[in-house]
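Sequences listed follow chains A and B, in order. To convert, note that position 88 of the first sequence is 88 in my numbering; the numbers rise steadily by one, no gaps. My numbering runs 112 ahead of the 1-based position in the second sequence. For every residue, glycine included, the Cβ atom is placed at its ideal position computed from N, Cα and C. Please read all numbers here as calculations on a predicted model, not as lab measurements. The next block holds one structure in the form of structure tokens; read it before the comments.
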Amino acid sequence: DAGVIQSPRHEVTEMGQEVTLRCKPISGHDYLFWYRQTMMRGLELLIYFNNNVPIDDSGMPEDRFSAKMPNASFSTLKIQPSEPRDSAVYFCASTTIPYEQYFGPGTRLTVT
Amino acid sequence: AQTVTQSQPEMSVQEAETVTLSCTYDTSENNYYLFWYKQPPSRQMILVIRQEAYKQQNATENRFSVNFQKAAKSFSLKISDSQLGDTAMYFCAFMKSSGANNLFFGTGTRLTVIP
């Protein structure tokens with residue numbers, strides 16, 4: 001099993017640009033989580049899906065952030081327009097059992 | 113709301129020695145899960161150990177064990193026979209056993225194993 005796959009691993013963009021982060025969960029997993037890690041706020045949940053349906057998006061910072069899961073094997077997190085304060089590591093995790101989440105390697109986003 | 117507190121930003125231990133990382137949490141829930149995650153320099157988040165709150169017996173995984181004190185809301189991680197590969201950030205995390213399925217993380221403890 002390849003584990004949770006995230007792309008890109010690193011992304012550098014300029015303020016105002018659109019950024020799309022991608023995640024492929026482990027096959028058969030029906031939960032998918034997006035977390036963000038910053039020095040100031042630590043690790044925090046942004047949104048999670050169950051069976052491709054968003055269940056809790058209360059952690060999404062503002063309207064500039066959106067997440068989709070069009071099918072069981074793919075999810076995107078989009079930031080438009082991006083701002084320097086969005087610089088962080090974004091993790092995707094998947095599972096069949098919420099208390100056993102498997103994390104991807106993360107995407108390090110830098111917005112200049 | 114759930115909060116997780118790790119009061120030790122950094123710790124170090126000699127190789128082969130034992131070290132204990134502290135974690136306290138606050139919740140009004142009776143049933144929940146507690147976790148320790150390891151984040152090495154590779155950035156990957158790795159589950160080290162999990163404890164179910166309804167279980168009185170402390171969880172153990174090889175060199176890793178926990179001291180779970182439910183009344184005190186304390187959940188410490190003991191690493192025995194420390195190895196250089198244990199050098200990493202360690203995060204304590206909480207999850208309710210019903211309802212919301214997200215993890216609440218502490219701020220982490222950076223552990224360095226000294227050869």
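Proximal chain A residues relative to Y145 of chain B, where beta-carbon distance stays under 7 Å: The residue you call residue 145 of chain B lines up with position 33 of the second sequence. Residues of chain A passing the Cβ test: Y99.
Proximal residues, the segment 165–198 of chain B versus chain A, C-beta separation under 9 Å: Listed in sequence order: no entries.
CB contact below 8 Å: T221 of chain B versus chain A: As a first step, residue 221 of chain B is located in the second sequence; it is residue number 109 there, counting from the start. Under the Cβ criterion of 8 Å, T221 of chain B is not counted among the residues facing chain A.
Near-chain B residues of the segment 51–65 of chain A (beta-carbon distance less than 8 Å), N- to C-terminal order: Residues passing the 8 Å Cβ filter: I55, D56 and G59.
Top-ranked residue by Cα proximity to V225 of chain B, from B:S194, B:L146 and B:C135: Position 113 of the second sequence, counted from the first residue, corresponds to residue 225 of chain B. For the residues B:S194, B:L146 and B:C135, the minimum Cα distance to V225 of chain B belongs to B:S194.
Own chain partners of S209 of chain B with C-beta closer than 7 Å, once the 5 adjacent residues on each side are dropped: The sequence position of residue 209 of chain B within the second sequence is 97, counting from 1. So the qualifying residues of the chain are N143, Y144 and Y145.
Beta-carbon contacts of Y137 of chain B that lie in its chain and below 6 Å, excluding the five residues immediately before and after: As a working mapping, residue 137 of chain B is identified with position 25 in the second sequence. So the qualifying residues of the chain are V116, K185 and F206.
For G59 of chain A, the three-state DSSP class (helix, strand or coil): Mapped onto the first sequence, residue 59 of chain A falls at position 59. DSSP places G59 of chain A in coil when its eight states are reduced to three.
Three-state class that DSSP yields for P84 of chain A in the structure shown: Taking the first residue of the first sequence as position 1, residue 84 of chain A is located at position 84. Helix at P84 of chain A.
Extent of the continuous beta strand (DSSP E) run through L46 of chain A: By one-based count along the first sequence, residue 46 of chain A stands at place 46. Element bounds for L46 of chain A: G42 to N50.
Spatial distance of F65 of chain A from S82 of chain A (CA atoms): Numbered from its first residue, the first sequence carries residue 65 of chain A at position 65. Numbered from its first residue, the first sequence carries residue 82 of chain A at position 82. Approximately 9 Å between the Cα atoms of the pair.
N142 of chain B: contacting residues in chain E (beta-carbon distance under 8 Å): This model lacks chain E altogether; the protein chains it does include are A and B.
Buried versus exposed, by CB contacts within 10 Å (16 or more), Y166 of chain B: Position 54 of the second sequence, counting from 1, holds the residue named residue 166 of chain B. Result: exposed.
Rounded straight-line distance, which links the Cα of R222 of chain B to that of A200 of chain B: The residue labelled residue 200 of chain B in the question sits at position 88 within the second sequence. The residue labelled residue 222 of chain B in the question sits at position 110 within the second sequence. So the alpha carbons of these two residues sit roughly 6 Å apart.
S94 of chain A, buried or exposed, once every other Cβ within 10 Å from all chains shown has been counted against 16: Position 94 of the first sequence holds residue 94 of chain A. Residue environment: S94 of chain A is assigned as buried (16 or more neighbouring CB atoms within 10 Å of its CB, all protein chains considered).
Cβ neighbour criterion (16 or more within 10 Å) applied to E122 of chain B: Locating residue 122 of chain B in the second sequence gives position 10, where the first residue counts as 1. Counting Cβ neighbours within 10 Å, E122 of chain B comes out exposed, since fewer than 16 surround it.
DSSP bridge partner residues for V116 of chain B (one or two, in chain order): Translated into the one-based positions of the second sequence, residue 116 of chain B becomes position 4. Paired residues: B:Y137.
Residues that F203 of chain B contacts on chain A, provided the C-beta gap is smaller than 9 Å: Translated into the one-based positions of the second sequence, residue 203 of chain B becomes position 91. Ordered by position in chain A, the residues that pass the 9 Å Cβ test against F203 of chain B are G42 and L43.
Buried/exposed call for G218 of chain B, threshold 16 Cβ in 10 Å: Sequence index remark: in the second sequence, residue 218 of chain B carries index 106 (1-based). Only buried fits G218 of chain B, as 16 or more other CB atoms lie within 10 angstroms of its CB.
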